[in-house]
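Take a look at the structure set out below.
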Amino acid sequence: MNIEISSLSNGLTIITDPMVSLESAALGVWVGTGSRNERPDQMGLSHLLEHMAFKGTKRRSARQIAEEIEAVGGYLNAYTGREQTAFHARILKQDAALALDIIADILIDPAYAEAELERERQVVLQELGQARDTPDDIVFDHLQNAIYRGQALGWPILGDEKTISGFTPEALRAYAGAQYRSRSMVLVSSGAVAHAQMVALAQEKFSGLTGGTVAAPIAPARYIGGEYRETDDLEQAHIVYAFPSVSQRDPDFYVAQLYVAILGGGMSSRLFQEVREKRGLCYSIYAFATNFVDGGYNGVYVGTGEEEAEQISAVVAGEMENMTGAITDAELARAKAQLRSGLLMGLERPGNRSEQIAGQIFSLGRVQPIEEVLAQLEAVDADQVRRFAAASMRAPSLAAIGPVAKLESFQNFSARFSAARAAE
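Read the sequence shown against our numbering and you will find it ends at 820, with the numbers running on by one and no gaps.
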């Protein structure tokens with residue numbers, strides 16, 4: 397990676413990551429704000445603001461935005477996370493100026509027309525309804541809320557009907573003015589790009605972007621933990637367990653990633669082999685890691701039948717306890733190979749590279765060379781993973797939707813980890 401970094405006088409950071417031989421580029425603006433920046437009455441406002449950016453500016457209608465990028469075969473999209481919002485495009489190299497002009501336009505001069513807001517409000521309400529009809533998706537929102545109860549970090553990114561219905565154009569403008577500040581934005585481009593060209597384009601297109609007002613500091617993440625359980629007439633029970641973990645900045649970040657990979661990161665993982673292959677208790681089971689700038693959690697998802705749900709909690713707890721014992725060299729080598737290949741394969745796609753660079757800027761304050769990442773990964777030994785596994789045996793959280801009447805009670809499940817801690 398041959399990365400170059402510059403800043404405009406208004407504080408906007410420009411990062412280019414050229415990839416020799418490509419004819420296309422991925423570029424976008426990442427904003428260091430997301431749903432955890434919201435107040436209770438603003439729940440879902442970050443997401444609606446992202447939607448409304450595409451609904452017309454002072455120079456373009458919503459249709460013109462779509463037609464201009466697609467007229468050159470390009471792709472324009474956005475997403476809202478808990479800590480960042482992104483507006484990104486994939487285009488041929490000769491169309492970089494057009495893509496940047498559109499992104500700058502929707503960020504600097506959005507119209508926020510009342511009629512468009514009413515239409516998009518209904519779209520977001522439909523999106524919310526669709527999410528609620530997807531149990532293996534919405535169960536993660538319930539888990540997040542149980543873990544970070546009473547905090548913005550625990551609220552659903554989409555918001556709810558009450559807050560969505562109350563947003564006005566004035567609320568959108570005020571929130572954008574407070575959060576969409578040039579000094580908290582990063583323009584990243586990967587692929588067929590040249591740094592001097594991107595800096596010149598950024599100066600031309602984004603000079604009208606101002607620093608804005610000072611954003612209120614976010615509340616620190618506090619893992620509280622708890623349970624959400626909803627009985628529903630579904631074919632499958634969707635169950636997610638979670639346990640406190642480390643932040644993106646923690647020295648044990650890659651220890652945690654390797655722990656998750658060994659526990660449930662693939663078909664050779666302990667959970668897959670024990671729960672699916674040996675016992676036949678489910679079709680889908682995997683472990684995952686969710687990390688923020690100041691906290692995080694590891695988890696296990698399982699989709700299983702009503703009868704099988706009765707056994708799941710004990711098996712998951714048992715495999716987690718087994719992780720506190722010996723970690724074999726073969727397991728560790730496989731986990732490292734999985735993470736290494738994922739990192740290196742991701743570098744072959746310009747969109748992945750841009751997103752990774754932006755994420756590192758917000759979490760670490762710098763772009764981390766891939767050689768440094770791989771070195772940190774390789775330096776982890778089995779004893780570090782085992783110690784991390786032992787530290788994970790505490791403060792469980794749980795969310796479950798579906799035929800869950802036979803699922804072990806949260807009290808009994810939690811007691812398994814209290815006993816494990818007492819035995820240390």
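Idealized CB from N, CA, C, for every residue including glycine.
> Where do the ends of the alpha helix (DSSP H) carrying serine 805 lie?
Replying inline: First-last for serine 805: undefined, no H or E at that position.
>> Starting from glycine 525, trace the alpha helix (DSSP H) in both directions and tell me its first and last residue.
In response: Where glycine 525 is concerned, the enclosing alpha helix (DSSP H) stretches over 510-528.
> Would you call the CB atoms of alanine 482 and tyrosine 475 closer than 7 Å?
Replying inline: yes
> Would you report the Cα separation of leucine 773 and aspartate 648, rounded to the nearest angstrom?
Replying inline: 10 Å
> Can you give the beta carbon distance from aspartate 505 to lysine 454, rounded, assuming they're within the 8 Å contact cut?
Replying inline: 5 Å
>> What does the Cβ neighbour count give for tyrosine 679, buried or exposed, with the cut at 16 atoms within 10 Å?
In response: exposed
> lysine 451 to alanine 588, Cα distance in whole Å?
Replying inline: 29 Å
> Which one of Gln438, Ser402, Gln707, Thr530 has the shortest CA to CA distance from alanine 801?
Replying inline: Gln707
> According to DSSP, is proline 746 helix, strand or coil?
Replying inline: helix
> If we call anything under 7 Å between Cβ atoms a contact, is proline 640 one with tyrosine 693?
Replying inline: yes
> Where does glutamate 446 land, buried or exposed, given buried means 16+ other C-beta within 10 angstroms?
Replying inline: buried
> Is it true that the stretch 718-731 meets the stretch 398-410, where meeting means three or more beta-carbon pairs spaced less than 8 Å apart?
Replying inline: no
>> Quick check on alanine 818: buried or exposed, where buried means 16 or more other Cβ atoms within 10 Å of its Cβ?
In response: Residue confidence is low: alanine 818 scores 48 on pLDDT, short of 50, so the model does not pin down where it sits. Its coordinate-derived value is still stated next. By the neighbour-count rule (16 or more Cβ atoms within 10 Å), alanine 818 is not buried but exposed.
> With DSSP run on the structure shown, which of helix, strand or coil describes proline 799?
Replying inline: Secondary structure at proline 799: coil, using DSSP grouped into helix, strand and coil.
>> In the DSSP assignment, the alpha helix (DSSP H) including leucine 423 goes from what residue to what residue?
In response: Careful: leucine 423 lies outside any alpha helix (DSSP H), inside the beta strand (DSSP E) at 420-427.
> What first and last residue would you give for the beta strand (DSSP E) that runs through methionine 581?
Replying inline: Residues 581-587.
>> Measuring only the C-alpha atoms, how far is isoleucine 410 from valine 595?
In response: 7 Å
>> So the candidates are Glu523, Ala493, Val468, Thr686; which of them puts its Cα closest to the Cα of glutamate 600?
In response: Ala493
> Around the Cβ of alanine 598, are there at least 16 other Cβ atoms within 10 angstroms (buried) or fewer (exposed)?
Replying inline: buried
> Under the rule that 16 or more other beta-carbon atoms within 10 Å means buried, what is leucine 760, buried or exposed?
Replying inline: exposed
> Tell me which same chain residues have a C-beta within less than 7 Å of the C-beta of aspartate 533, skipping the five on either side of it?
Replying inline: Ala527
> How is leucine 794 classed by DSSP in three states: helix, strand or coil?
Replying inline: strand
>> Quick check: leucine 743 and glutamine 653, are their CB atoms within less than 7 Å of each other?
In response: For leucine 743 and glutamine 653, no; Cβs fall outside 7 Å.
> Taking the runs of the alpha helix (DSSP H) that are 4 residues or longer, which of them lie wholly in the stretch 560-648?
Replying inline: 565-575, 591-602
> Under 7 Å, do histidine 634 and proline 565 count as touching if we go by C-beta distance?
Replying inline: no
> Exposed or buried, what is asparagine 433 when buried is set at 16 or more other beta-carbons lying within 10 Å of its beta-carbon?
Replying inline: buried
> For asparagine 398, does the three-state DSSP call read helix, strand or coil?
Replying inline: coil
> Alpha carbon to alpha carbon, how far is alanine 507 from arginine 515?
Replying inline: 14 Å
> With tyrosine 655 and isoleucine 543 assumed to form a contact (beta carbons below 8 Å), what rounded beta-carbon distance in angstroms separates them?
Replying inline: Between isoleucine 543 and tyrosine 655 the Cβ distance is about 18 Å, and since that is not below 8 Å, they are no contact.
>> Checking 7 Å against the spacing of the C-beta atoms, do glycine 695 and phenylalanine 684 come in under that value?
In response: yes
> With a CB to CB cut of under 8 Å and the five nearest residues on each side skipped, what residues in its chain are close to methionine 741?
Replying inline: none
>> According to DSSP, simplified to helix, strand and coil, what is arginine 478?
In response: Coil at arginine 478, not helix or strand.
> How many Å lie between leucine 659 and phenylalanine 563 at the Cα?
Replying inline: 43 Å
> isoleucine 504 by DSSP, collapsed to three states: which one?
Replying inline: Of the three classes helix, strand and coil, the one that applies to isoleucine 504 here is helix, per DSSP.
> Taking buried to mean at least 16 other C-beta atoms within 10 Å of its own C-beta, is threonine 700 buried or exposed?
Replying inline: A residue is called buried once 16 or more other Cβ atoms fall within 10 Å of its Cβ, and threonine 700 is buried on that count.
> Considering only residues of the same chain and omitting the five flanking positions on each side of aspartate 491, which have a CB-CB separation below 7 Å?
Replying inline: Val468, Gly470
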